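The sequence shown runs 0 to 634 under numbering that gives the first Met the number 0. Cβ coordinates follow ideal geometry from the N, Cα and C atoms, glycine included. All values reported here derive from a predicted model rather than from experimental measurement. Structure first, then comments.
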Amino acid sequence: MEHLPDPKAPGAEPGVWWPPSALTPEWIREHRPDVLHVHFGFEHFTPAQLQAAMDAADDVGTAVLVTVHDLENPHLPEAEQPAHRVRLAVLLAAADEVVTLSTGAAEAVRKDYGREAIVIPHPHVLPLDREDEDAAGEGPGPGEELLVLVHAKDLRASVDPEPLLPAVAEGVRRLRAQGRPAQAVLEMQETTQDPVRADRLRASAEELGIRVWEHPRLDDASLHALLRRAAVSVLPYVRGTHSGWVEMCRDLGTPVVVTDVGAIASQVADTPLPGEQASEAGRPGEGVAVVGMQDPAAAAEAIRRMALSPRKPAPPLWRRTQRAQVAAAHAAACARAVRTARRQHAERVAVLVITGDRDTHLARVLQALERQTRRPDEVVVVFMGQPDGQVPETDLPVTVGHVAADGHLPLAAARNRAAVLASAEILVFLDVDCLPADGTVEQLAAEVADHPHAMVMGTPRYLLPDWRERTGLAEAVLPEDAALRAASVPHGARAHLPAGGSEQWHMVWTLVLAMRRSLLQAIGGLDEGYVGYGAEDTDLAFRARDAGMGLRFHPAEVFHQHHGVHRPPLNHLEDILVNARRFRAVHGLWPMEGWLREFAAAGLVDWDEDGGRLELRRRPTEQELAAAKVADAAY
Numbered sequence: 000m001e002h003l004p005d006p007k008a009p010g011a012e013p014g015v016w017w018p019p020s021a022l023t024p025e026w027i028r029e030h031r032p033d034v035l036h037v038h039f040g041f042e043h044f045t046p047a048q049l050q051a052a053m054d055a056a057d058d059v060g061t062a063v064l065v066t067v068h069d070l071e072n073p074h075l076p077e078a079e080q081p082a083h084r085v086r087l088a089v090l091l092a093a094a095d096e097v098v099t100l101s102t103g104a105a106e107a108v109r110k111d112y113g114r115e116a117i118v119i120p121h122p123h124v125l126p127l128d129r130e131d132e133d134a135a136g137e138g139p140g141p142g143e144e145l146l147v148l149v150h151a152k153d154l155r156a157s158v159d160p161e162p163l164l165p166a167v168a169e170g171v172r173r174l175r176a177q178g179r180p181a182q183a184v185l186e187m188q189e190t191t192q193d194p195v196r197a198d199r200l201r202a203s204a205e206e207l208g209i210r211v212w213e214h215p216r217l218d219d220a221s222l223h224a225l226l227r228r229a230a231v232s233v234l235p236y237v238r239g240t241h242s243g244w245v246e247m248c249r250d251l252g253t254p255v256v257v258t259d260v261g262a263i264a265s266q267v268a269d270t271p272l273p274g275e276q277a278s279e280a281g282r283p284g285e286g287v288a289v290v291g292m293q294d295p296a297a298a299a300e301a302i303r304r305m306a307l308s309p310r311k312p313a314p315p316l317w318r319r320t321q322r323a324q325v326a327a328a329h330a331a332a333c334a335r336a337v338r339t340a341r342r343q344h345a346e347r348v349a350v351l352v353i354t355g356d357r358d359t360h361l362a363r364v365l366q367a368l369e370r371q372t373r374r375p376d377e378v379v380v381v382f383m384g385q386p387d388g389q390v391p392e393t394d395l396p397v398t399v400g401h402v403a404a405d406g407h408l409p410l411a412a413a414r415n416r417a418a419v420l421a422s423a424e425i426l427v428f429l430d431v432d433c434l435p436a437d438g439t440v441e442q443l444a445a446e447v448a449d450h451p452h453a454m455v456m457g458t459p460r461y462l463l464p465d466w467r468e469r470t471g472l473a474e475a476v477l478p479e480d481a482a483l484r485a486a487s488v489p490h491g492a493r494a495h496l497p498a499g500g501s502e503q504w505h506m507v508w509t510l511v512l513a514m515r516r517s518l519l520q521a522i523g524g525l526d527e528g529y530v531g532y533g534a535e536d537t538d539l540a541f542r543a544r545d546a547g548m549g550l551r552f553h554p555a556e557v558f559h560q561h562h563g564v565h566r567p568p569l570n571h572l573e574d575i576l577v578n579a580r581r582f583r584a585v586h587g588l589w590p591m592e593g594w595l596r597e598f599a600a601a602g603l604v605d606w607d608e609d610g611g612r613l614e615l616r617r618r619p620t621e622q623e624l625a626a627a628k629v630a631d632a633a634y
């Protein structure tokens, strides 16, 4: 197997590979490698750009192997993690083979992205040709001062030493109480990514008697020498998944105390050193202690214990054997990826229907799904506030769920529950009012397969009040699409929307919406803080947009079964106010502005359109509710 070198990034210095040219469609189409192995470094790209690269790989027959090193990107702040998860979801959706570094991460990949990942452990960090004594070093002698080394490094987003400093100080106090000289040192680079946080750290460390050592960026030799001198290396991570630093310390024999983030505990426990036994299932053994950031007493005791523990470097011969096994496992993964890329297989599709006391509508929806040109692999029906809800007889595979209703329609909770119950990767949300045209499921699923980074909305048409008479509806026979089309009208607000990619995120409605399950999970599903009716769809769309997803509209039709409406929706007034305030707080602008203006004009609400005030002045009267109801409106 030949490994191609990382291509030089345009305009970059020699040896600089980022942003990686190998993740561009142009490079892939020109070089046509058998396997494209994506490990990390893809935060420089949008989901659409990554999808273009994956499409190029598919076009030229390049297999895609994805190693999930980071379920959370340690270089990015918390606010940017949803975008990282969307990017990862795009890659995993396209991957022909998935690898990760620990059993814990493999379980997360299975749960969050629906992909099975093989585990290939993190290999050595120090060179394999080192001498044993160089790896072990001397370490502190019996009477020497024990160096408790806390690593702030350049204060990247993944590190926050401040909450752990009291535990460090207490650990040193306990060592001294045992008669062991000890000193805590917070090492920090002279130039950090967060000078304000650096100032705060200096003050906290000084108050606790912890020495701060600021230094230029250390080269490898200097770093290794420092860690050989340390009695314990304390890693105050707040996010991340795996740690090369931990493996470096294992190579050196330096004991480690690391905060319990990601799958680091699993990473170490999966590969105990020769003669080392994991203390319990899924927990690391002798050389690494994993502690909770919120448990200072346990952290202090771990620091005391690990500072006194013997140094046990990973034997180079063992690392050499492991390296050969890792290389063989990667070669096998590449071979499987190539075989998989050559097999064509359709992805499974689930249709998700939420309903509440609309049994007749539900029966018609199931009839429409039974006659699809591409029948769904599963249908999930979630009843809202209808504990005795029953699914009509059908030959479709149906999963049933329930959510309680406390006077408000739990729309977001019901859709989330349906997504959890589904096992397919492609999800099609479908309102119980909507009858899909015969080809709708097939068309939406194909569009999602072609554009995995996007949410895809179909086209609703609204059946007229007399549609039953127009179509000659019989109880057990659903009219053909042509008859339904003739008895329906398009929504006036959507007439301007062309098919294809769009930025009209405010026009996203979940009554017919398709997307990948992994993308929905990446952005956290629908926000269940929205109660009842209004804005939960737009909030989902805006969060998808902010995470870098794409939006597409598609002519695949659904026919909305008629029911009367209120203009404006006075029957949902209080829900709309609650949801509008929540949306404003999250996104900085008002949703449903047309309705809010009508409510304000009627004296029902006090609304500052340019500010943050929206208050209920009074509830609508029975006369106002009756006047607002339009029984014969199509929508």
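Looking at residue i: is its Cβ nearer than 8 Å to the Cβ of residue j?
{"i": "Asp153", "j": "Gln192", "result": "yes"}
{"i": "Ala349", "j": "Val379", "result": "yes"}
{"i": "Phe428", "j": "Ala498", "result": "no"}
{"i": "Cys433", "j": "Pro459", "result": "yes"}
{"i": "Ala513", "j": "Leu426", "result": "yes"}
{"i": "Leu200", "j": "Ala168", "result": "no"}
{"i": "Ala665", "j": "Val147", "result": "The requested residue 665 does not occur in the structure, where the chain is confined to residues 0 to 634."}
{"i": "Tyr532", "j": "His571", "result": "yes"}
{"i": "Pro375", "j": "Ala92", "result": "no"}
{"i": "Ala555", "j": "Thr439", "result": "yes"}
{"i": "Ala334", "j": "Val63", "result": "no"}
{"i": "Trp466", "j": "Ser487", "result": "yes"}
{"i": "Val287", "j": "Val255", "result": "yes"}
{"i": "Leu217", "j": "Cys248", "result": "no"}
{"i": "Ala47", "j": "Pro24", "result": "no"}
{"i": "His559", "j": "Leu443", "result": "no"}
{"i": "Leu127", "j": "Arg322", "result": "yes"}
{"i": "His83", "j": "Gly243", "result": "no"}
{"i": "Leu420", "j": "Thr398", "result": "yes"}
{"i": "Leu100", "j": "Ile119", "result": "yes"}
In this structure, what does DSSP give as the bridge partners for residue i?
{"i": "Met292", "result": "Met292 pairs with nothing; no bridge assigned."}
{"i": "Val515", "result": "The residue you asked about is not Val; residue 515 is Arg in the sequence shown. For Arg515, which the question treats as bridged, DSSP gives the partners Ile425."}
{"i": "Phe558", "result": "Leu434, Arg460"}
{"i": "Ser232", "result": "Leu148, Val255"}
{"i": "Ile117", "result": "Val98"}
{"i": "Glu186", "result": "His150, Trp212"}
{"i": "Glu377", "result": "Ala349"}
{"i": "Val455", "result": "Ala513, Arg551"}
Do you know whose CA, among the options, lies nearest residue i's CA?
{"i": "His401", "options": "Ala418, Ala513, Val440, Asp394", "result": "Ala418"}
{"i": "Val237", "options": "Val257, Ala288, Ser221", "result": "Val257"}
{"i": "Pro386", "options": "Ala288, Thr354, Pro396", "result": "Thr354"}
{"i": "Ala642", "options": "His505, Arg155, Val149", "result": "The requested residue 642 does not occur in the structure, where the chain is confined to residues 0 to 634."}
{"i": "Arg414", "options": "Leu519, Leu100, Val233, Glu29", "result": "Leu519"}
{"i": "Val98", "options": "Thr61, Arg84, Arg114", "result": "Arg114"}
{"i": "Leu615", "options": "Trp589, His490, His562, Leu576", "result": "Leu576"}
{"i": "Arg347", "options": "Val211, Thr359, Glu377", "result": "Glu377"}
{"i": "Gly524", "options": "Met506, Ala546, Gln503", "result": "Ala546"}
{"i": "Pro160", "options": "Ala197, Leu125, Arg179", "result": "Ala197"}
{"i": "Glu213", "options": "Val231, Asn578, Lys7, Pro194", "result": "Pro194"}
{"i": "Leu410", "options": "Ala423, Val381, Arg370, Glu79", "result": "Val381"}
{"i": "Phe636", "options": "His505, Asp356, Leu251, Val289", "result": "Given a span of 0 to 634 for the chain in the structure shown, any question on residue 636 remains unanswerable."}
{"i": "Val143", "options": "Gly261, Arg175, Trp589, Ser157", "result": "Position check: residue 143 holds Glu in this sequence, whereas Val was assumed. The shortest Cα separation from Glu143 among Gly261, Arg175, Trp589, Ser157 belongs to Arg175."}
{"i": "Asp95", "options": "Arg341, Gln266, Ser308, Met292", "result": "Arg341"}
{"i": "Ala625", "options": "Asp250, His490, Pro568", "result": "Pro568"}
{"i": "Gly103", "options": "Ser20, Ala8, Val260", "result": "Val260"}
{"i": "Glu42", "options": "Arg493, Arg28, Asp58, Asn72", "result": "Asn72"}
{"i": "Phe39", "options": "His30, Ala8, Leu87, Pro81", "result": "Leu87"}
{"i": "Arg172", "options": "Gly208, Ser203, Glu285", "result": "Gly208"}
{"i": "Glu648", "options": "Gly549, Glu77, Val158", "result": "Not covered by the structure: residue 648. The range shown for the chain is 0 to 634."}
{"i": "Ala180", "options": "Glu186, Ala230, Leu222, Thr190", "result": "Checking the displayed sequence, the identity of residue 180 turns out to be Pro instead of Ala. Answer by Cα proximity: Ala230."}
Which residue comes first and which comes last in the alpha helix (DSSP H) that contains residue i?
{"i": "Arg319", "result": "315–340"}
{"i": "Ala62", "result": "Unbroken run through Ala62 is the beta strand (DSSP E), 62–67; no alpha helix (DSSP H)."}
{"i": "Leu200", "result": "194–207"}
{"i": "Val530", "result": "Segment: none, Val530 is in no alpha helix (DSSP H) and carries neither H nor E."}
Could you check where the beta strand (DSSP E) with residue i kicks off and where it finishes?
{"i": "Glu96", "result": "96–99"}
Answer yes or no: does any C-beta atom of chain C fall closer than 8 Å to that of residue i?
{"i": "His150", "result": "Structure shown: chain C not included; a single protein chain is present."}
Where in the region 401–432 do unbroken runs of the alpha helix (DSSP H), each at least 4 residues long, occur, reported from the N-terminal end onward? Listed in chain order, they are 410–420.
Which full runs of the beta strand (DSSP E) of 3+ residues lie inside the region 464–517, going along the chain? You should have 487–489, 511–515.
Quick check for students: name the residue ranges of the alpha helix (DSSP H) that lie wholly in the region 572–632, counting only runs of 4 or more. Here the runs fully enclosed are 572–586, 592–600, 621–627.
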